[in-house]
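A quick write-up on the structure given underneath.
Number of protein chains: 2
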Amino acid sequence: MPSKPPVFQLPESLPLDCGQALESARIAYETYGALNADKSNAVLICHALTGDQYVASTHPVTGKPGWWTRMVGPGKPIDTDRFHVICANVIGSCMGSTGPASPIPGGAADGAPYAMRFPVITIRDMVRGLVALLDGLGIETLHCVVGGSMGGMQALSLAANWPGRVARILVIASTARHSAQNIAFHEVGRQAIMADPAWAQGNYYAGDTSPNNGLAVARMAAHITYLSEEGLTAKFGRRLQDRPDGSAGAKSFGFDADFQVESYLRYQGSGFTRRFDANSYLYITRAMDYFDLAEEHGGRLADAFAGSEARFCIVSFDTDWLYPTAESRHVVHALNAAGAKVSFVELSAPYGHDSFLLEHDQLDRVVRGFVE
Amino acid sequence: MPSKPPVFQLPESLPLDCGQALESARIAYETYGALNADKSNAVLICHALTGDQYVASTHPVTGKPGWWTRMVGPGKPIDTDRFHVICANVIGSCMGSTGPASPIPGGAADGAPYAMRFPVITIRDMVRGLVALLDGLGIETLHCVVGGSMGGMQALSLAANWPGRVARILVIASTARHSAQNIAFHEVGRQAIMADPAWAQGNYYAGDTSPNNGLAVARMAAHITYLSEEGLTAKFGRRLQDRPDGSAGAKSFGFDADFQVESYLRYQGSGFTRRFDANSYLYITRAMDYFDLAEEHGGRLADAFAGSEARFCIVSFDTDWLYPTAESRHVVHALNAAGAKVSFVELSAPYGHDSFLLEHDQLDRVVRGFVE
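These protein sequences, in sequence, are chains A and B. Note that the working numbering has the first sequence beginning at 1082, numbered continuously upward. Note that the working numbering has the second sequence beginning at 1082, numbered continuously upward.
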């Protein structure tokens, strides 16, 4: 029987940007590698929208390897022989940390979940939760925080709002603000979920059905934004699926998945519903859409990093159209204006935003060199 | 009382690429300007996915002006003082031409519609219908065919498959094939419609409900692809909606449309459902995804235009990421390889694919000069 994954119970209520507070919040996390005596070798990895704490260990629901096993482990770029790696499920999510599916503390005796009574959270709220976890673990200063995509937003938020808590900040394929197009794609996903009658205003936990159809459509739409046009063409082009009887692909003149790219998207959509909660998807996309680090700091991004002593490394991919290189440059310019120590690299990769999760030797070298 | 819009009843069955045929098909169309004595001044305008025949006249459902009134009319770039302009609703659509919502000819006495028994059609099938209409109108050779987006696909298909029927071909913001990314976005839309329980396997015509939620999500996802990231940023950025009580925008920390771009998308989605049939959306997107003019001609696009005597003009927009300039260049290279007369221009416009529908003086000049 596998040991129960560690869950940190916050000793105090967690104040939120919306003005409410989360009581009795819990944060589920995984660690890899030993913490040294002076607690100076901790590396916090922040996960993306649909990610989780299983960065380098088997996912308990899907049975699949961790989502960044190529990056995290003994001898790997984030070397668990040297570093104590922490990865925690963000609040609002659904892998053990407090989120919409969690019972309301002090609520009904039947343990009724928050559902849409869960407060709307922000990226900064997620990071507040992570800082509370670090407090609980007795870690005053992180050696490094690393995050891709939404993980990078958390890393930037940590650096801006808790500057004394981290020495190195590594931000990959991310942004300091969600653009109108980013918001638009998320809104399509939310509308797809909320249009599903099984969503039932968020109150589907006690029933037999979940808004899986809507959630799958949301995932499909988002998934397109994670890949580049070039990558999709290389991977699928206009190639047709082989028929169920094994014969070579031909147009069906019907609405089956004729094209391989259709089949792939359907698979991505349906697989996702087995491991993710639709309400969590609503809340986390909302937090990302609300994210605008400059706005939090009087409208000038450089002010978010004023006086920072930390070292920053910003990485973008040339085919990432979700958070294009221009967004990374925007962050780099602000860091420069703030007089921060920053290095920046745009890597070339054909696979768009998802490149940060895929095999990429140059990324490995950048990460190894910076975390070192 | 307005006169009944003209509808052409095809005298013969319409053979389709799928191997079936449409019996008793009807094509609804509008005309503008007088046909001259030798019938040499006809200009056919082909509409886009969700377009219709009301290119320069009031839409009977929405009451809005025609979709290209700035381009078509007396003294306008496509000058109805000189040209006889024809615009027909494509088969498969829902504005009077035969489509999924039409009764099956010789079918049940109650006039049961095709719904998903409608055969899957192609762009070439749409053009077959248009050619049958031209035959019926006694027009042997068009002075010009003009089309943007899916209309451009029809223009190319007409040029390739009925080369003697048209002297000038003007293709705007279009492509000779649907890419993997194009197919992926359409598949998201189809899945959104088919996931809506009100879709009911397409049999919703007799009931009180239609899959409007799914259709709205499909439209929202597609609409993002019609606009550029730059255009969305210029138009909406991260600006917040004013509150219903008239106070200035602020984050609601809820799931209302806080951002203007969310409100705009919701409006686009819900407005669309009032004028468009969900099954038509399925069939027409399928036709577009199947479109690959090279494949129809042995795999080499140049062969589609072999021996063509017509003049071509290909126009793209620099911010169009749905059918980017590279796709237009691909067509131009094929036309060059075929020895065809072709001019090509990439126009600069901030609004992405939709630029062909918007105010654009340079486009006006290109169209006027070419149609002349």
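Ideal Cβ placement from N, Cα and C applies to all residues, glycine included.
Contact between the region 1266-1285 of chain B and the region 1416-1428 of chain B is absent, with fewer than three C-beta pairs closer than 8 Å. Chain B has a Cβ within less than 8 Å of the Cβ of Met-1301 (chain A).
Within the region 1324-1337 of chain B, the residues whose Cβ lies closer than 7 Å to some Cβ of chain A are Lys-1332, Phe-1334, Gly-1335 and Phe-1336, listed in chain order. Residue-level contact by beta carbon fails for Leu-1218 (chain A) and chain B, as no gap is shorter than 8 Å. The region 1223-1240 of chain B makes contact with the region 1248-1265 of chain B: 3 or more CB pairs, one atom from each, lie closer than 8 Å.
The secondary-structure analysis by DSSP pairs His-1165 (chain A) across a beta bridge with A:Ala-1123. Here the alpha carbon of Arg-1205 (chain B) sits roughly 11 Å from the alpha carbon of Val-1171 (chain B). Boundaries of the beta strand (DSSP E) around Tyr-1113 (chain A): 1107-1113. Per DSSP, Ser-1238 (chain B) is one residue of the alpha helix (DSSP H) stretching across 1231-1242.
The beta carbon of Thr-1112 (chain A) lies closer than 7 Å to those of His-1165, Val-1166 and Ile-1167 in the same chain, with the five residues before and after it left out. Contact annotation: in the region 1240-1269 of chain B, residues whose CB is within less than 8 Å of a CB in chain A are Arg-1258, His-1259, Ser-1260, Ala-1261, Gln-1262, Ile-1264, Ala-1265, Phe-1266, Glu-1268 and Val-1269. For the region 1092-1126 of chain B, the set of positions with a beta-carbon nearer than 9 Å to some beta-carbon of chain A reads Leu-1097, Asp-1098, Cys-1099, Gly-1100 and Gln-1101 in chain order.
Residues of the region 1275-1294 of chain B with a Cβ closer than 8 Å to any Cβ of chain A, in chain order: Met-1275, Ala-1276, Asp-1277, Pro-1278 and Asn-1294. Here the alpha carbon of Leu-1374 (chain A) sits roughly 11 Å from the alpha carbon of Ala-1240 (chain A). Here Asp-1160 (chain B) carries a strand assignment [DSSP, helix/strand/coil]. Where Gln-1341 (chain A) is concerned, the enclosing alpha helix (DSSP H) starts and stops at 1341-1354. Bridge pairing for Asp-1289 (chain A): absent [DSSP]. Going by C-alpha positions, Ala-1137 (chain B) is about 20 Å away from Phe-1451 (chain B).
A contact is defined here as three or more CB-CB pairs under 8 Å, and the region 1299-1317 of chain A meets this definition with respect to the region 1250-1268 of chain B. Under a 10 Å Cβ-count criterion, Val-1142 (chain B) is classified as exposed, with fewer than 16 other Cβ atoms of the shown protein chains found around its own Cβ.
The beta-carbon of Thr-1354 (chain A) is placed no less than 8 Å from the nearest beta-carbon of chain B. When rounded, the separation of the alpha-carbon atoms in Asp-1384 (chain B) and Gly-1350 (chain B) is 40 Å.
Val-1413 (chain B) is not a Cβ neighbour of Val-1447 (chain B), given a cutoff of 8 Å. For a Cβ distance threshold of 8 Å, residue set Ser-1260, Ala-1261 and Gln-1262 of chain A lies close to Thr-1314 (chain B), ordered along the chain. Against chain A, the beta carbon of Val-1201 (chain B) has neighbours under 9 Å at Lys-1332, Ser-1333, Phe-1334, Gly-1335 and Phe-1336, listed in chain order.
By the CB criterion at 8 Å, Asp-1098 (chain B) and Thr-1203 (chain B) fall inside the cutoff. Between Leu-1428 (chain B) and Ala-1257 (chain B), the CB-CB gap reaches or exceeds 8 Å. Taking CB atoms only, Phe-1340 (chain B) has a neighbour in chain A less than 8 Å away. For Val-1201 (chain A), the closest of A:Ser-1409, A:Thr-1366, A:Ser-1397 and A:Pro-1431 by C-alpha to C-alpha distance is A:Thr-1366. With 16 or more other CB atoms across the displayed protein chains lying within 10 angstroms of its CB, Gln-1272 (chain B) is buried.
Annotation: Cβ neighbours of Phe-1317 (chain B) in chain A (cutoff 7 Å, chain order): Ala-1261. Taking C-beta separations shorter than 6 Å and ignoring five residues to either side along the sequence, the partners of Asn-1294 (chain A) in its chain run Asp-1277, following chain order. The C-alpha of Ala-1368 (chain B) lies about 9 Å from the C-alpha of Met-1207 (chain B).
Neighbourhood of Val-1298 (chain B) in chain A, by CB distance below 7 Å: Val-1269, Gln-1272, Ala-1273, Ala-1276 and Val-1298, in chain order. With a contact defined as Cβ atoms closer than 8 Å, Thr-1400 (chain B) and Gly-1433 (chain B) qualify at about 5 Å.
The Cβ atoms of Ala-1106 (chain A) and Leu-1130 (chain A) do not sit closer than 8 Å to each other.
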